[in-house]
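First residue of the sequence shown: 1, per my numbering; consecutive thereafter.
Cβ coordinates follow ideal geometry from the N, Cα and C atoms, glycine included.
Remember, it's a predicted structure, so these values are computed and weren't measured experimentally.
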Amino acid sequence: AAQQTLRLINREEELAVLQEAICQPGTDTRVVILTVSEDDQDFLAAIRHGADGYLVKSIRPEALFQELRGLAQGEAPISREMASKLIRQMARRERMTISAGLPETLSAREREVLALLAEGLSNEEIAEELHIAVNTVRNHVRNILEKLGVRNRVQAAVYAVRCSLMDRQ
């Protein structure tokens with residue numbers, strides 16, 4: 001029979017306490033952080049130290065119980081807020097990876113625009129994401145097409161993806 005324990009850890013205690021609890025020989029301890037912190041670094045530190053999940057205390061009690069039941073079935077409970085942040089962070093890293101393999105002739109802003117274009121965003125969506133005017137996006141796209149020597153957005157997106165894939169190999 002598995003022993004279930006709830007341990008409250010004060011902020012002053014190190015996350016190493018979690019690691020110690022998790023690494024006990026012969027235990028299959030599952031750890032979920034229930035916290036007020038929505039800080040990315042706190043989230044990543046908890047996961048690095050072996051936490052199985054990360055929930056924000058503003059979670060409704062019914063949802064908390066549902067997440068804990070999911071944990072028992074092997075799921076990793078993560079609050080929607082943290083999942084959204086994680087997805088945005090991964091998307092930013094992907095855009096940076098795409099940018100890394102592009103010709104030096106593209107400006108930093110053109111690289112950003114191309115990365116978003118490669119994700120399938122429209123000019124309007126790119127403008128909103130980068131907080132610039134739609135006409136500015138159109139100018140960037142025109143410059144990108146010219147600098148890459150391609151005829152359309154699809155070819156530019158394919159070029160960006162190929163550069164990204166070649167960087168990963």
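Item: C-alpha gap between Arg60 and Ala51, whole angstroms; Value: 21 angstroms
Item: Helix, strand or coil at Met82 according to DSSP, with G and I counted as helix; Value: helix
Item: Sub-9 angstroms separation of Leu130 and Ala157 beta-carbons; Value: no
Item: Touching by the beta-carbon criterion (3+ pairs, under 8 angstroms), the region 106 to 124 and the region 144 to 162; Value: yes
Item: In DSSP terms, what Gly74 is bridged to; Value: Partner(s): none; Gly74 has no beta bridge.
Item: Stretch pair the region 35 to 47 + the region 65 to 75: three plus CB contacts closer than 8 angstroms; Value: no
Item: Identified DSSP bridge partners for Ile33; Value: Tyr54
Item: Three-way DSSP call (helix, strand, coil) for Ala133 in this model; Value: coil
Item: Per-residue DSSP class, three states only, for Glu119; Value: coil
Item: CA nearest to the CA of Ala83, picked from His49, Asn135, Glu38, Glu146; Value: Glu38
Item: Arg151 (DSSP reduced to helix, strand or coil); Value: coil
Item: Assigned secondary structure, Ile59 (DSSP; H/G/I helix, E/B strand, else coil); Value: coil
Item: Status (buried if at least 16 other CB within 10 Å, exposed otherwise) for Ser58; Value: exposed
Item: Integer-rounded CB distance, given that Val141 should sit under 8 angstroms from Asn123; Value: 7 angstroms
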